[in-house]
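Down below is the structure, laid out as structure tokens.
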Amino acid sequence: MTKETNRPALRVGATILTLAAVPPDSVLAQQAFALDPVTLAETDETGTEIATGDADDSGTTALGADAVQIRSDGSGDANTALTSLPNVQYRDTPFDSGVNVDDILDLKPLEFSISGGRVSGNAIRLNGTGIGSATGNTHPHTSEDLSRQTGNPGTYSFYGLHSQTQFVPSAMVDSIEVRDSNISAEYGGFEGGVVDYTLTQPDAARASGKVSLSFQNDALVHYRLGTEDGDNPDRVPKPDFSKREVSAEFNQPLGENTAVIFGFGRRMAEATKAKEPQYRPLTADDDSRSDFWRLSLAHEFENGDQLELNGYLTDYSQGWDSPWTQDYHLDVETRNLSLDASYTRQLGGFDLGPASLSNVKLTLGAVHQDNEASNSTDQNTFLSWFGSYFSTLRGQSYHTDAFDAWCDTPDTPSAAEDYHACRRGGYGSKSYSDTRNRIEAELEADLGGGRFKFGAYVERVDARQSGDGFTSYTSSTYLDASDPFGSFTCPAGDPACIDDQYLRARIVQDAYDISTDATLAEAYLEYDRSFGDFGLRGGLRFSYNDVLKNTDIAPRLSASWTPGPDFAVVAGANRYFSGEYISYAIHDALPRGANERRSHDATTGEVGAWTPFLDLGSYSYTQDGLKTPYVDETSLAVMYRDAWTRGTWRLKLIDRQGRDQFARSADSTGSNNLLSNDGTTEYRSVSLEYEKRWRGGGALDDVGLYLSGVWADSDMSNDTYFGDEGDIGDDEFIWYDGRSYTRNEFDQRTGRRDIPVRATVELGSNWKNGRFGLGVGADVSFAYTGVRNTDERETHSHPTYGARTHDVYEDYEFDTAVSAFLTARVRLAQLRGGDLDLNVKVANLFDDTGGGTATDSNPWIPGRSFYVGTTYSW
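In structure tokens form, the structure reads like this:
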């Protein structure tokens, strides 16, 4: 059973693009604009489609299964297939292009921005069901990813939050639709774009399935030193790892009108990394795993009604061992369940007197989701000792052999200032969770010569954060030769005191469990009609939630002119409201604990009791009386099918202005964070695309070509609205061009993620009746002037926050970078009615690292890399 779609390219087996037969003029005047409609063929490969059948969908691009495999990087992450689309940007730091084993172990999908929005500002859908995260993808006390930590993790940090809740392997994706502009009122809760992943649909015609395997290790990647001088001063070893992926799908008919699909995918990685040289053992072995399960059932009743049931489960775990602490192991985990049901009924027509409805379709749905992200560890006591401390400046010399079994520090100095820490323990387990329940209804009908849509839903969200609490001991006092006693006298059972050293400061955080809830209601109306050569699609989207307590109305308008079957001009004016209404409130009231101090008797050496020093209170995130952030967009698209190649061209201009964006108020303090609507965003782009698929002859079955080029520029007043602006220990201060900036100020000046001019080429082909497949392409980033981190740190004065330590940045001319890729498939055999294929993926085919540079701490830049695998399908 195939799910109904108005875009045939989404159906399993669609691949060959043919020219539409041109109907009479009288018919053309009543039809939606359509370029290169797709016919079905006996193959499961589809390419890139920029004309999806409706001129008003001028901002929609569809990637079929073949395009997903060609464009993705081979890792199994479906999101990597999107990065070369003109208005998609991703987190790219060309001045820190090096990778380490923690980057490799991170199997979460790539985060991306669409049309200048935040990476958390997209509406992500799976088979039409929203899978966006309620808690967002950033944490207020986490300034760096685990892979970029240069010291012990922050006391209150949380890692692994992600903007989507389901991590779908690319091998299980049938198609992806991306909407970057001129988006229908049917979609809401975003300021970026809409991404809809479609998996294989249950098919009652016959049993079918697919099993895929792939592999990569460090021997299949060419690493190059990317530091400015080509040296490796910290002697960082090349990444040592292996990665594997397995996925399987089984489609089974249960009768003439019923079918079920079961699928499972697993991505795995293992790696070894070095710890600081004083620790035993010297290395740590970590692994990660990303599991995805699906179960779908579809049934068509005798009267044509349809019932669909879907269940998805993502179970993710990534191990991380701190190089700076002997036994601090953290499991970054995600477990997300999504269940949905929908019932579609064809109601025929209704006579309403002055108006009549025909082709009426009603869809009712319900969704239940349970999502949890956790940082799990069996350590909730942290101790930071000194194994040795030699300071000529302070006239101090200390060494202890009390920790030699696990922390062997030198007993003589190698420099005038030579310190070696011995750290153990951790900061306890933490978790975020939310439960979401949703009911929805949608009605479609032909009305007055056009198509009418109405939809509404209500969603309840119950969110929670909890933690075990911790005790952190720091600030060493160690025995001095001038002390009148031979050793300290420690309190009985004290974990932070030994004969010649004790820790005199601690923070005690009690266990906590904090919850919040919200109710969201949304509805939309839309009407789409043609008037001769002109078309008009108008809609309104209403939304209300009881957190912000705002009633928001988003107008959507698209107008098209289609003088012939090969040409259309589409103009759009649309407003999109943010869906991040609870992402801020969930972090409120996090307890910081109590700071306590102690000392010792200078005569006897007896260590005293702990006494209160400072109640640190709670972190506060308040947001009373705020407006809902929104983006106003104007767009213009011209679509044309040329007479020479009969290929489709699309020229698109987008201008977006974001207003009332969430930002940290200037009245905030380090722990009391006041949310404001002072943030702004801007995005402008001009893109040109071309797409065509030709039927071949002889050995060549077909060949498809996609070309694109884009100029884009974006400005964002703050990339995240959490409290890092000016906070000591959280914010990053930057010295550039003789001036001090906070990170947000600097990003506002230099932009985020926007390489000004980019281009993409994609060529896919099939040979010998599908026995061979070859896809090649390249992403080109043209030379531009940017900035980079010099790896130097200096103290300068910020006009608001005073003297701070700054990272020093400088202008840098980034060279043109060409990242070519190749995907090859060879049919090895036909076994028991199925096909056994060998698959090879080559990323960065020409081993070009472009203008990217690496830091001393992460000096290795990956160049050419290979994935090898097999697929058996029947």
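Going by my numbering, the first residue of the sequence shown is number 105, and it counts up by one from there.
A virtual CB, placed ideally from N, CA and C, is assigned to each residue, including glycine.
Quick caveat: nothing in here was measured; it's all calculated off a predicted structure.
| Query | Result |
| --- | --- |
| Beta-carbon proximity list for ALA609, same chain, < 6 angstroms, skipping 5 on both sides | THR578, SER579 and ARG701 |
| Stretch pair the region 216-229 + the region 674-686: three plus CB contacts closer than 8 angstroms | yes |
| Residue ranges of each beta strand (DSSP E) within the region 325-409, 3 or longer | 325-329, 344-357, 362-378 and 387-404 |
| Reduced DSSP category for GLU251 - H, G, I as helix; E, B as strand; rest coil | Per the sequence presented here, residue 251 reads as Ser, with Glu not at that position. Of the three classes helix, strand and coil, the one that applies to SER251 here is helix, per DSSP. |
| Per-residue DSSP class, three states only, for ILE287 | coil |
| Extent of the continuous beta strand (DSSP E) run through VAL742 | 734-745 |
| Bridge partners - LYS465, DSSP secondary structure assignment | GLN450 and GLU548 |
| THR242 vs LEU265 beta-carbon contact at 8 angstroms | yes |
| Straight-line Cα distance separating GLU630 from HIS245 | 42 angstroms |
| Every unbroken beta strand (DSSP E) within the region 507-561, with a cutoff of 3 residues, ordered by chain | 521-529 and 534-551 |
| For ASP782, three-class secondary structure by DSSP | strand |
| Cβ shell of ALA958 (< 6 angstroms), same chain only, five flanking positions each side left out | SER201, GLY202, GLY330, THR331 and ILE965 |
| Endpoints, the alpha helix (DSSP H) within which LEU209 is located | 205-209 |
| Secondary structure of VAL172, DSSP reduced to three states | helix |
| For GLU630, the first and last residue of its enclosing beta strand (DSSP E) | 616-635 |
| Spatial distance of ASP284 from VAL298 (CA atoms) | 7 angstroms |
| Cβ separation of ALA549 and LEU461, assumed to be a contact under 8 angstroms, to the nearest whole Å | 4 angstroms |
| Status (buried if at least 16 other CB within 10 Å, exposed otherwise) for LEU607 | buried |
| Cα-Cα separation between ASP819 and GLU521, rounded to whole angstroms | 44 angstroms |
| Integer-rounded CB distance, given that ARG797 should sit under 8 angstroms from GLY783 | At roughly 43 angstroms, the Cβ-Cβ gap does not stay under 8 angstroms, so GLY783 and ARG797 are not in contact. |
| Validate contact between the region 500-519 and the region 563-570 using beta carbons, cut 8 angstroms, 3 pairs | no |
| Rounded straight-line distance, which links the Cα of GLN320 to that of PHE970 | 7 angstroms |
| Cα-Cα separation, THR119 to THR623 | Since pLDDT at THR119 reaches only 29, below the 50 mark, its modelled position is unreliable, and the value read off the structure follows with that caveat. Whole-angstrom Cα-Cα distance: 43 angstroms. |
| CA-to-CA distance, ASP911 to ASP333, given in whole angstroms | 19 angstroms |
| Inter-stretch contact (C-beta, 8 angstroms, three-pair minimum) for the region 275-295 and the region 937-956 | no |
| Distance between beta carbons of ASP587 and GLY709, contact taken as under 8 angstroms | 7 angstroms |
| For GLY643, the first and last residue of its enclosing beta strand (DSSP E) | 638-649 |
| Contact set for ALA375: own chain, Cβ-Cβ below 7 angstroms, skip 5 residues either direction | VAL205, ILE208, LEU209, PRO343, ASP344, PHE345 and ASP390 |
| Residues that DSSP places opposite PRO273 in a beta bridge | ASP181 |
| Beta-carbon proximity of LEU317 to VAL272, cut-off 8 angstroms | no |
| Rounded straight-line distance, which links the Cα of VAL946 to that of VAL922 | 14 angstroms |
| Reference PRO427, options GLY255, GLN605, MET743 and THR655, closest by Cα | GLY255 |
| Burial state of LEU167, where buried means 16 or more other Cβ atoms lie within 10 Å | buried |
| Option in GLY597, GLY676 and LEU720 with minimal Cα separation from GLY697 | LEU720 |
| GLN270 and ASN440 closer than 8 angstroms at C-beta | yes |
| Simplified DSSP state of TYR971, which is helix, strand or coil | strand |
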